[in-house]
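Chain order of the listed sequences is L and D. Every letter in the first sequence is one number past the one before it in full-length UniProt numbering, and letter 160, counting from 1, is 160. Every letter in the second sequence is one number past the one before it in full-length UniProt numbering, and letter 170, counting from 1, is 170. All residues carry an ideal CB built from backbone N, CA and C; glycine is no exception. This structure is a prediction, so every number in the text was calculated from the model and none was measured. Only one structure is covered here, and it is reproduced in the block below.
There are 2 protein chains.
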Amino acid sequence: MPNPTAAMLVIGDEILSGRTRDANMYYLAGELSKHGIDLKEVRVVSDDAPAIETAVKALSDGFDHVFTSGGIGPTHDDITADCIARAFGAAIDVRADARALLEAHYAKTGLELNAARLRMARIPDGATLIDNPVSTAPGFTLGNVHVMAGVPSVFQAMVASILPTLTGGQPLLSQTLRIDRGEGDIAATLTQLAEDFPDLTIGCYPFQINGAFGANVVVRGTDGVRIDAAVTRLARETAQ
Amino acid sequence: MPNPTAAMLVIGDEILSGRTRDANMYYLAGELSKHGIDLKEVRVVSDDAPAIETAVKALSDGFDHVFTSGGIGPTHDDITADCIARAFGAAIDVRADARALLEAHYAKTGLELNAARLRMARIPDGATLIDNPVSTAPGFTLGNVHVMAGVPSVFQAMVASILPTLTGGQPLLSQTLRIDRGEGDIAATLTQLAEDFPDLTIGCYPFQINGAFGANVVVRGTDGVRIDAAVTRLARETAQ
Chain L
1 MPNPTAAMLV IGDEILSGRT RDANMYYLAG ELSKHGIDLK EVRVVSDDAP AIETAVKALS
61 DGFDHVFTSG GIGPTHDDIT ADCIARAFGA AIDVRADARA LLEAHYAKTG LELNAARLRM
121 ARIPDGATLI DNPVSTAPGF TLGNVHVMAG VPSVFQAMVA SILPTLTGGQ PLLSQTLRID
181 RGEGDIAATL TQLAEDFPDL TIGCYPFQIN GAFGANVVVR GTDGVRIDAA VTRLARETAQ
Chain D
1 MPNPTAAMLV IGDEILSGRT RDANMYYLAG ELSKHGIDLK EVRVVSDDAP AIETAVKALS
61 DGFDHVFTSG GIGPTHDDIT ADCIARAFGA AIDVRADARA LLEAHYAKTG LELNAARLRM
121 ARIPDGATLI DNPVSTAPGF TLGNVHVMAG VPSVFQAMVA SILPTLTGGQ PLLSQTLRID
181 RGEGDIAATL TQLAEDFPDL TIGCYPFQIN GAFGANVVVR GTDGVRIDAA VTRLARETAQ
């Protein structure tokens with residue numbers, strides 16, 4: 001059975017304006033690989049309702065899972081929950097279970113659960129909450145869309161909450177061989193290798209260090225024995 | 001006149017598998033902001049022909065400019081140029097101008113211009129070459145799509161080659177105010193500010209350092225005087 005597929009939707013003006021370097025994509029990609037879910041596409045859109053709704057619909061239709069990050073806090077630019085609800089035609093309002101979590105949290109910290117903070121308890125009908133051990137305000141899963149915070153520490157904690165509940169497949173394994181020759185010198189060898197190992201993905205990533213050319217060749221797949229065989233042959237055929 | 005819009009298409013299995021952290025998105029976002037081109041969407045897809053063709057068509061139709069990175073080297077996994085050609089219905093073959101660049105380069109380095117390296121001279125009919133001062137093999141512009149390398153040093157050099165040739169708009173300016181209060185405490189103030197300055201974008205990015213909550217509020221727009229006014233008011237209204 002092939003691995004489940006996934007897409008990620010990063011919601012954030014700060015990424016598109018160049019202010020912030022996204023960290024969540026890299027983290028999620030690594031975790032999904034280990035869990036045997038194949039990340040097939042990532043989209044980054046701004047804090048703009050039509051852009052979010054269009055993207056979430058397209059990705060929800062195209063992949064087994066969609067993971068979103070960003071836009072679920074208490075401020076005016078946090079519009080993700082409402083957009084997801086609209087994309088699924090679900091009603092959304094402050095929900096008792098999410099409200100109870102926030103009430104307990106703010107009672108402990110002594111901060112006021114004001115109207116802004118209560119917005120974080122707006123959860124679409126039919127959604128399941130995603131635990132947030134870092135700052136309490138929950139994420140949620142609606143249909144095949146998992147809605148999580150953009151702050152990296154919270155995003156990572158939510159991924160840790162949700163991932164064990166999802167059926168994974170075979171972890172994606174990889175080996176990297178560094179070859180100190182120009183890409184163009186080893187291209188024919190790689191082409192033949194890719195033909196002989198159609199079950200593996202063979203990527204070539206060139207580098208240049210102090211004027212010397214080289215490439216990291218990455219062999220990926222789910223069968224470790226086949227990866228070993230391919231890398232061994234590659235090392236033999238590209239030895240100088 | 002509104003600023004031109006742009007999308008970016010990152011092509012690379014290595015990003016989606018979690019092996020590599022993308023660097024080109026962050027770089028391009030910053031450069032486009034300075035040049036007055038509004039980056040509206042980024043997509044990351046794997047080295048898969050249908051995925052690349054579908055994405056490039058959608059983005060080319062939806063935005064003024066599309067910038068791609070990755071997949072234009074000499075190896076079997078470098079399929080970007082052919083995919084772009086197919087997306088535009090353009091013929092593609094080794095082109096004399098690109099071949100001449102590579103011939104001169106490899107004559108100087110003493111390396112052989114073999115069949116693999118010659119693939120880097122495959123340029124769609126009607127495309128304009130993009131200069132590559134780092135490693136010679138050119139990128140190209142076809143229609144509104146600018147096709148560039150994935151290696152960050154080469155990508156950055158190509159962006160520097162192409163950007164001055166594109167009509168920009170008003171640079172996106174921004175100011176950041178750090179406020180050492182929880183997001184939920186300042187949310188109402190931010191909502192009112194966003195209403196009173198509809199020409200500006202106001203983003204709130206929370207952080208937690210040593211148990212203390214705070215937020216960086218970023219005010220973005222093209223009019224520096226308006227940004228000053230908004231940030232001054234924000235500082236006054238959130239002072240404790």
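How would you label residue i, buried or exposed, when you count the other beta carbons within 10 angstroms and need 16 or more for buried?
i: residue 43(L); result: buried
i: residue 40(D); result: buried
i: residue 178(D); result: exposed
i: residue 176(L); result: exposed
i: residue 164(L); result: exposed
i: residue 209(D); result: exposed
i: residue 13(L); result: buried
i: residue 187(L); result: buried
i: residue 157(L); result: buried
Kindly give me the distance between the Cβ atoms of residue i and residue j, rounded to whole angstroms, as I take these residues to be in contact under 8 Å.
i: residue 70(L); j: residue 150(L); result: 3 Å
i: residue 97(L); j: residue 129(L); result: 6 Å
i: residue 139(L); j: residue 132(L); result: 6 Å
i: residue 15(L); j: residue 22(L); result: 5 Å
Check each candidate in the options and name the one with the smallest Cα separation from residue i.
i: residue 25(D); options: 147(L), 166(L), 20(L); result: 20(L)
i: residue 211(D); options: 174(L), 135(L), 200(L); result: 135(L)
i: residue 239(L); options: 217(L), 3(L), 181(L); result: 181(L)
i: residue 3(D); options: 15(D), 38(D), 9(D); result: 38(D)
i: residue 18(D); options: 32(L), 17(L), 5(L); result: 32(L)
i: residue 198(D); options: 58(D), 208(D), 226(D), 49(D); result: 226(D)
i: residue 88(L); options: 146(L), 72(L), 207(L), 173(L); result: 146(L)
i: residue 174(L); options: 14(L), 114(L), 101(L), 204(L); result: 204(L)
i: residue 184(L); options: 110(D), 207(D), 22(D), 201(D); result: 110(D)
i: residue 59(L); options: 187(D), 202(D), 45(D), 57(D); result: 45(D)
i: residue 159(D); options: 27(D), 117(D), 201(D); result: 27(D)
i: residue 219(L); options: 8(D), 77(D), 56(D), 99(D); result: 77(D)
i: residue 75(D); options: 161(L), 101(L), 222(L), 201(L); result: 201(L)
i: residue 152(D); options: 137(L), 207(L), 99(L), 120(L); result: 207(L)
i: residue 124(L); options: 90(L), 115(L), 148(L), 1(L); result: 90(L)
i: residue 115(D); options: 1(L), 191(L), 222(L); result: 191(L)
i: residue 148(D); options: 73(D), 221(D), 61(D); result: 73(D)
With a threshold of 6 Å on Cβ separation, who are the neighbours of residue i within its own chain once the five nearest residues in sequence on each side are excluded?
i: residue 122(D); result: 81, 92, 94
i: residue 213(L); result: 182
i: residue 216(L); result: 176, 178, 205
i: residue 224(D); result: 173
i: residue 171(L); result: 34, 36
Tell me which residues share the same chain as residue i and place their Cβ nearer than 8 Å to its Cβ, disregarding the 5 neighbours each side in the sequence.
i: residue 189(D); result: 234, 237, 238
i: residue 168(L); result: 3, 4, 35, 36, 37
i: residue 79(L); result: 47, 49, 52, 71
i: residue 6(D); result: 32, 37, 38, 39, 40, 63, 64, 65, 66, 67
i: residue 56(D); result: 9, 66, 68, 83, 84, 87, 145
i: residue 102(L); result: 113, 117, 118, 120, 121, 136, 137
i: residue 1(D); result: 169
i: residue 166(D); result: 4, 35, 37, 65
i: residue 99(L); result: 118, 121
i: residue 61(D); result: none
Are there any heavy atoms of the ligand FAD lying less than 7 Å away from the beta-carbon of residue i, as far as the coordinates show?
i: residue 170(D); result: The ligand FAD is absent from the structure shown, which contains no ligand whatsoever.
Within a Cβ cutoff of 7 Å, which residues of the same chain sit near residue i, ignoring the five residues on either side of it in sequence?
i: residue 161(D); result: 130, 131
i: residue 154(D); result: 132, 134, 135
i: residue 221(L); result: 173, 199, 200, 201, 227
Under 8 Å, Cβ to Cβ, is there at least one residue of chain B near residue i?
i: residue 60(L); result: Absent from the structure: chain B. Protein chains present are L and D.
Specify whether the stretch 192-207 of chain D and the stretch 230-239 of chain D touch according to this definition: at least 3 beta carbon pairs, one from each stretch, less than 8 Å apart.
yes
Would you call the stretch 56-66 of chain D and the stretch 106-118 of chain D touching, i.e. three or more CB-CB distances under 8 Å?
no
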